[in-house]
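Read the structure below first, then the notes.
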Amino acid sequence: MNLLTLVQAAVVSVTLFSQESLAFPQHVPLAGLAEHEVQSMTPMLKAVIPPSPPGPLKFDGLKLVDDSKHPWMPLKRGDLRGPCPGLNTLASHGYLPRNGVATPSQIITAVQEGFNMENKLAQLTTYFAMIGDGNLITDLVSIGAKTPLTGMDPPPPAIVGGMHNHGTFEGDASLIRGDAFFGDNHSFNQTLFDQFKEFSQKYGNGFYNLTVAAELRFHRIQQGVATNPQFSFFGLRHLTAYAEATFPASLFVDGRKQGRDVGQLDMKSAESFFKDMRFPKGFHRSSSPVVIAGLGDLFAAHPFMPGKNNGTHVDSFVVDDSLGSLLDVCSIYTGFVSSTVRTLYPNPTGVLRRNLELNLQFLFEGLSNFGCNQIFL
Ligand code: HEM
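And the structure:
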């Protein structure tokens, strides 16, 4: 089912269950809807003016983050978790709302507090996800999967969630999650985690590091091309796939590590984050704000340009960089705004337009280190 079909299912359920407006999830994305559909949903949404995103941390040094104020808790019924092991962990420790639905400001604060992700990187990543997968009217996005509307008899059609939507931020060739084509793009995948461990053994002596990342990133791309006729590695995904492959070696490694241990993730800690969505016991965040390091080296080890299979045949990959490539981050931004956003929001009006413009402004400010030209709606 594609994004549009899923969102249409959400609209059907609104029509069928409009008397239950209070139960209507406020994070359901508006992307892909026609103007009249947005208008039919708007009365059920609590509109807000999105605030400016938070700035850098006041104290941005080493800190125990697996602390008594943020105990890990198992999932409760209805809690949402998705394809990002970092956000899942933050929600399970209460740095994010434990139900998995958050504002962009809460996400930026949480990734800084919990992992010491650098402020502009946090801002850029968050607004790419918010614009693609969030509800711009209510300023809420789900880090996860489907949300059933509760308390209704008969149960309504499934409601689409947030960051597990395929093709906006989430994409193919993830390290530990399967491709959407195979049916589940957001759950922990044991077979892929076993492969992660094998590669870490072979190329990193039992640790995940940037050398392992370069090999595994390339291998997952090759697996996708060879097994998934709909394999897509295109636009924003070209950047996020390489960037995310660096995160376990930087953000998941305890900040107390020194010397040769820096950038080396052991498998027990990897399992704790990826599978249990939990900080390893006594985990300390990085001792300084983390930017994406080693992206160029990862790409240079096995340069692979953006593109896709033809939709019906494996091994039919054709290069297509019309939505940009990681070789020029501004080209990804330009492709995202001028093509993806305009397709997702063909004719935004009223509050939706105002909030989309504000979110695009915050996205652009996240790119301030790159000197890109701003694109407007
Ligand atoms: C700043 C806000 C963030 C957002 C909006 C975000 C969102 C996402 C999404 C949507 C994915 C799925 C992409 C895919 O593989 O298809 C993802 C993957 C990933 N994220 Fe995050 N993320 C954020 C921060 C973080 C942080 C702080 C960490 C680490 C501490 C992290 C670690 C990862 C990793 C390792 C993956 C790849 C998982 C895999 O390939 O199986 N992310 N993220």
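What the sequence shown shows, in mature numbering (1 follows the signal peptide of the UniProt record, and there is no 0), is residues -23 to -1, 1 to 354, in sequence order. Glycine residues also receive a C-beta, built at the ideal position from the N, C-alpha and C atoms. Bear in mind the structure is a predicted one, so any value in this text is a computation, not a measurement.
For residue i, three-class secondary structure by DSSP
{"i": "Asp110", "result": "helix"}
{"i": "Leu242", "result": "strand"}
{"i": "Phe210", "result": "strand"}
{"i": "Thr124", "result": "Caution is warranted here: a pLDDT of 49 is assigned to Thr124, below 50, making its placement in the model unreliable, and the coordinate value is therefore given only provisionally. Residue state, collapsed to three classes: strand."}
{"i": "Gly160", "result": "coil"}
{"i": "Ser249", "result": "helix"}
{"i": "Leu117", "result": "strand"}
{"i": "Arg262", "result": "strand"}
{"i": "Lys97", "result": "helix"}
{"i": "Gly9", "result": "coil"}
{"i": "Phe184", "result": "strand"}
{"i": "Gly236", "result": "helix"}
{"i": "Thr317", "result": "helix"}
{"i": "Asp130", "result": "With a pLDDT of only 49 at Asp130, under 50, the local geometry of the prediction cannot be trusted, and no value is derived from it."}
{"i": "Gly284", "result": "strand"}
{"i": "Asn350", "result": "coil"}
{"i": "Ser345", "result": "coil"}
Where the alpha helix (DSSP H) containing residue i begins and where it ends
{"i": "Gly201", "result": "187 to 204"}
{"i": "Arg214", "result": "213 to 227"}
{"i": "Tyr180", "result": "167 to 181"}
{"i": "His47", "result": "Premise fails: His47 is in no alpha helix (DSSP H) and is neither H nor E."}
{"i": "Leu303", "result": "No alpha helix (DSSP H) holds Leu303; DSSP gives it neither H nor E."}
{"i": "Val88", "result": "81 to 92"}
{"i": "Leu329", "result": "327 to 342"}
{"i": "Asp274", "result": "272 to 278"}
{"i": "Gly63", "result": "62 to 69"}
{"i": "Phe230", "result": "Here residue 230 turns out to be Val, not Phe, going by the sequence shown. No alpha helix (DSSP H) contains Val230, which DSSP labels as neither H nor E."}
{"i": "Met18", "result": "12 to 18"}
Cβ neighbours of residue i in the same chain (closer than 7 Å, five flanking residues each side left out)
{"i": "Asn76", "result": "Gly55, Asp56, Leu57"}
{"i": "Pro28", "result": "Ser82"}
{"i": "Ala226", "result": "Tyr185, Asn186, Leu187, Ala190, Gly240, Leu242"}
{"i": "Thr80", "result": "Asp116, Leu117"}
{"i": "Tyr104", "result": "Pro81, Asn336, Phe339, Leu340, Gly343"}
{"i": "Leu98", "result": "Val268, Ile269"}
{"i": "Thr289", "result": "Pro206"}
{"i": "Cys61", "result": "Ile120, Met140"}
Nearest-angstrom Cβ-Cβ length linking residue i and residue j, presumed shorter than 8 Å
{"i": "residue 424", "j": "His4", "result": "Residue 424 is absent from the model: the chain starts at -23 and stops at 354."}
{"i": "Leu7", "j": "Ile114", "result": "7 Å"}
{"i": "Ala277", "j": "Thr223", "result": "Not a contact, Cβ separation roughly 13 Å."}
{"i": "Asp161", "j": "Gly201", "result": "Not really, about 15 Å apart at Cβ, beyond 8 Å."}
{"i": "Val15", "j": "Leu329", "result": "6 Å"}
{"i": "Ile153", "j": "Phe170", "result": "5 Å"}
{"i": "Asp110", "j": "Phe146", "result": "6 Å"}
{"i": "Gly59", "j": "His163", "result": "5 Å"}
{"i": "Pro2", "j": "Ile85", "result": "Wrong, their Cβ atoms sit about 22 Å apart, outside the cutoff."}
{"i": "Ser140", "j": "Ser119", "result": "First, the amino acid is wrong: residue 140 is Met here, not Ser. Sure, about 7 Å apart at Cβ, within 8 Å."}
{"i": "Val318", "j": "Ile26", "result": "Their Cβ separation, rounded to whole angstroms, is 20 Å, which puts Val318 and Ile26 out of contact at 8 Å."}
{"i": "Leu49", "j": "Arg255", "result": "With the sequence shown as reference, residue 49 is identified as Trp, and Leu is not the correct amino acid for it. The pair is a contact, with the Cβ atoms about 5 Å apart (cut-off 8 Å)."}
{"i": "Leu34", "j": "Gln89", "result": "5 Å"}
{"i": "Leu228", "j": "Asn112", "result": "Between Asn112 and Leu228 the Cβ distance is about 27 Å, and since that is not below 8 Å, they are no contact."}
{"i": "Ile352", "j": "Ser316", "result": "Going by Cβ atoms, the distance from Ile352 to Ser316 rounds to 10 Å, so no, they are not a contact pair."}
{"i": "Thr326", "j": "Glu12", "result": "6 Å"}
{"i": "Ala247", "j": "Phe173", "result": "7 Å"}
Heavy atom of the ligand COA within 8 Å of residue i beta-carbon
{"i": "Val189", "result": "With respect to the ligand COA, the structure shown offers nothing to examine, as its ligands consist of the ligand HEM."}
Same chain, Cβ closer than 8 Å to residue i, neighbours up to 5 away in sequence not counted
{"i": "Gly181", "result": "Thr188, Val189, Gln241"}
{"i": "Asp292", "result": "Val202, Ala203, Asn286"}
{"i": "Leu304", "result": "Phe276"}
Chain-order list of residues whose beta-carbon lies under 6 Å from that of residue i (same chain, five-residue window excluded)
{"i": "residue 361", "result": "The chain is shown only over -23 to 354; residue 361 falls outside these bounds and no answer can be derived."}
{"i": "Gly148", "result": "Arg214"}
{"i": "Lys252", "result": "Phe165"}
{"i": "Phe159", "result": "none"}
{"i": "Gly71", "result": "His47"}
{"i": "Pro257", "result": "Ser246, Ser249"}
- Task: State whether the stretch 26 to 43 contacts the stretch 258 to 269, with contact taken as three or more CB pairs (one from each stretch) at a distance under 8 Å.
- Result: yes
- Task: Check whether the stretch 240 to 252 touches the stretch 205 to 220, counting contact only when three or more Cβ pairs, one atom from each stretch, lie closer than 8 Å.
- Result: no
- Message: Pairs of beta-carbons, one from the stretch 204 to 214 and one from the stretch 297 to 304, closer than 8 Å: are there three or more?
- Response: yes
- Query: Three or more beta-carbon pairs under 8 Å between the stretch 268 to 282 and the stretch 192 to 207, yes or no?
  - Reply: yes
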